[in-house]
Amino acid sequence: MNLQKGKALADRRLWAFILGVIAVTIGVLLHMPMFWMGRDMGFRMVGMPMDSGMIAGMWMIVVGIGIAAYGLLPRNLSQQMDVSSQLAVSAPEDAPLSPAHWRLMAVLVVALVIDIMKPASLGFTIPGMIDEYGVPRATVSLVPFVALIGTVVGSFAWGVIADIYGRKASILLSAVMFVGTSICGAMPSLAWNIGMCFMMGAAAGGMLPVTYALLAEMMPSRHRGWSLVLVGGLGAVGGYAAASLLAVWLEPVFGWRVLWLANLPSGLLLVLLGAFIPESAKFLMARGRHDEAQRVMARFGSAVHRLAPDEPATPRSVAAGPARTFGGKLLALSLTAICWGLVNFGLLLWLPVELIARGYSMEVASQLLAASALIALPTVFVVAWIYSAWSAKKSVLLSIAVTLLGLTGVLWLALTKGASPVLPVALLIVGSNGIIAMLLPYCAESFPLRVRGRATGVVAACSKLGGVLAQALAIMAIIPTLAVSAMMIAVPMILSLLLLARFGRETRGSDLRDLDPEGHVFDKSGL
């Protein structure tokens with residue numbers, strides 16, 4: 036890691052973090068000989084006994100993650116938390132876009148692609164696991180079920196961690212966990228796959244709330260809307276496209292396990308890209324590193340304010356007055372997120388199996404889904420434009436409506452013999468990716484700074500909760516047909532459309548400081 040760019044971590048135990056990353060990487064590589072031994076059997080490892088190298092590698096991964104986490108934690112944590120509670124970062128409302136903004140956007144797009152391709156790969160691994168382990172679909176559904184529970188836990192936990200320890204450290208630790216979860220592809224039994232996939236989910240669930248909270252703090256208001264949606268949309272569509280393309284290119288040669296082993300290079304790439312992610316100015320100020328904080332703020336045009344000593348952390352005017360509005364808004368966004376999870380981690384995960392049941396090969400099914408994802412990719416730029424140029428609230432409502440149209444297309448696909456799935460799935464991907472691209476940025480723009488990370492974390496967790504509900508049905512072997520699934524998802528999605536229309540706030544061109552009135556929250560004398 037570039038030490039100059041890594042100066043933001045200078046007062047942490049950087050040596051311990053690097054040592055932890057090396058230990059985790061070696062631990063993963065110790066699993067590769069067993070994987071390669073299965074090449075003559077189509078890389079099937081079921082029933083293979085774990086050798087001493089694999090066992091040692093698992094211990095190295097666990098210990099390495101612990102050492103990396105220790106290295107990223109700030110010294111004198113209680114003192115830092117006390118000072119940090121009196122500081123807040125205001126979004127740069129009037130700053131122009133600088134090279135630093137573009138570089139941050141590019142890095143975070145890659146981070147989200149890596150993050151989203153992990154759960155997106157679940158649908159492409161299920162047919163291979165059913166075949167190799169010789170178990171029914173209901174049993175294999177435990178893998179995505181537990182992985183999605185991990186993402187829910189991760190969304191809650193990492194949202195809080197990011198508020199306390201800083202965005203950069205949270206992203207780096209999440210990347211180290213990505214690397215460790217590569218061994219899911221080398222596990223010889225379904226039980227081990229389930230355990231490793233929980234870790235994968237916990238790591239993946241932490242990236243979304245952290246990324247959107249960081250972007251909301253760094254991007255100027257006149258560019259914030261389209262930039263957040265563009266980053267989120269490219270990450271969502273790119274993650275699904277990456278997963279489906281890996282399935283097309285690598286799965287026929289190396290089997291389904293290679294989709295998990297791809298976590299090793301992608302996780303290490305994310306660790307390296309962490310050098311270009313800025314540390315929170317709030318953290319730097321709390322640590323007394325004012326010069327470094329000023330340099331970060333100068334690059335992004337942001338500012339740190341000290342909370343007035345006679346005011347509570349969350350001002351009465353914000354916390355008490357519009358509580359019902361915030362509650363209704365959070366309910367609407369959470370229900371929308373749950374419906375998106377039902378689509379993304381239910382319907383889209385089940386589609387490869389459904390297409391195979393209709394006579395398609397796994398390779399052809401992957402190609403069809405990849406084609407649908409690539410069709411959806413250009414629409415990300417359209418979504419970003421209408422979110423910024425037209426209306427943030429109406430754009431989210433429009434994406435929900437397009438998703439409902441996609442569900443109608445799936446219903447048509449289920450009821451029409453020989454129908455091509457490309458158009459219905461493309462509509463579903465366009466609509467659902469429009470939702471996830473806008474939902475979390477819209478959430479980040481809709482809540483006060485002091486609860487933004489937590490509110491975004493709740494909505495991100497709900498996006499995975501829908502998948503948990505869908506996979507719970509699969510585990511109970513009561514997976515509904517495509518037609519019934521489409522209708523069951525459409526009902527709560529219509530309700531979410533109505534709730535968001537009622538409680539949603541127009542955020543286009545708004546000043547985030549309006550949610551945290553300066554006269555109530557900040558000491559006007561500044562720092």
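In my numbering, each number is its position in the sequence shown, counted from 1, plus 35. All residues carry an ideal CB built from backbone N, CA and C; glycine is no exception.
Could you round the C-beta distance between residue i and residue j to whole angstroms and report it? I think they count as a contact, below 8 Å.
i      : j      : result
Trp295 : Cys219 : 4 Å
Val264 : Met473 : 5 Å
Ser423 : Gly270 : Actually they do not touch by this definition, with Cβ atoms about 17 Å apart.
Val148 : Gly267 : Actually they are not in contact, since the Cβ atoms of Val148 and Gly267 sit about 11 Å apart, beyond 8 Å.
Ala197 : Ser190 : Wrong, their Cβ atoms sit about 11 Å apart, outside the cutoff.
Glu428 : Arg540 : Going by the sequence as given, residue 428 is Lys instead of Glu. That pair is a contact at about 7 Å.
Lys364 : Ser481 : 6 Å
Phe380 : Pro154 : 7 Å
Val418 : Gly469 : 5 Å
Ala221 : Met93  : Actually they do not touch by this definition, with Cβ atoms about 10 Å apart.
Met242 : Ser217 : Not quite, the Cβ-Cβ distance comes to about 16 Å (not below 8 Å), so this is no contact.
Val272 : Ala411 : 5 Å
Val378 : Ile510 : So it is not a contact: roughly 19 Å between Cβ atoms.
Leu3   : Val170 : As shown, the chain starts at 36 and ends at 562. That puts residue 3 outside it, with no answer to give.
Measure the Cβ-Cβ separation of residue i and residue j and say whether it is below 8 Å.
i      : j      : result
Gly62  : Met95  : yes
Leu157 : Ala182 : yes
Pro456 : Leu390 : yes
Ile102 : Ala51  : yes
Ile529 : Leu439 : yes
Ser407 : Val460 : yes
Ala297 : Leu281 : yes
Gly240 : Trp193 : yes
Leu382 : Leu448 : no
Arg138 : Phe311 : yes
Ile161 : Val445 : no
Tyr477 : Thr414 : no
Val59  : Val175 : no
Leu319 : Ala328 : yes
Pro179 : Leu384 : yes
Met164 : Ala278 : no
Gly441 : Leu463 : yes
Gly55  : Gly88  : no
Ala237 : Gly302 : no
Leu409 : Ala316 : no
Leu250 : Ala146 : no
Phe335 : Ala135 : yes
Val245 : Arg489 : no
Leu132 : Pro287 : no
Leu65  : Ala91  : yes
Val214 : Leu108 : no
Trp375 : Ile229 : no
Phe289 : Phe78  : yes
Ser262 : Met76  : no
Mind listing, in chain order, the continuous alpha helix (DSSP H) runs of no fewer than 4 residues lying wholly within the stretch 280 to 323? 286 to 289, 293 to 296, 298 to 308 and 316 to 321
Using 8 Å as the Cβ pair cut-off and three pairs as the minimum, do the stretch 490 to 503 and the stretch 363 to 371 touch? Yes, the stretch 490 to 503 touches the stretch 363 to 371.
Output the residue ranges of the alpha helix (DSSP H) runs that lie fully inside the stretch 71 to 108 and measure 4 residues or longer, sorted by chain position. 87 to 107
Please go through the stretch 167 to 211 and give each complete alpha helix (DSSP H) segment of 4 or more residues, from N-terminal end onward. Entirely contained in the stretch 167 to 211, the alpha helix (DSSP H) runs reaching 4 residues are, in chain order, 172 to 175 and 177 to 200.
Considering only residues of the stretch 457 to 512, which uninterrupted alpha helix (DSSP H) runs meet the minimum length of 4 residues and lie entirely inside it, listed in chain order? 457 to 479 and 484 to 510
Contained beta strand (DSSP E) runs [length at least 3] in the stretch 377 to 420, N- to C-terminal order: none
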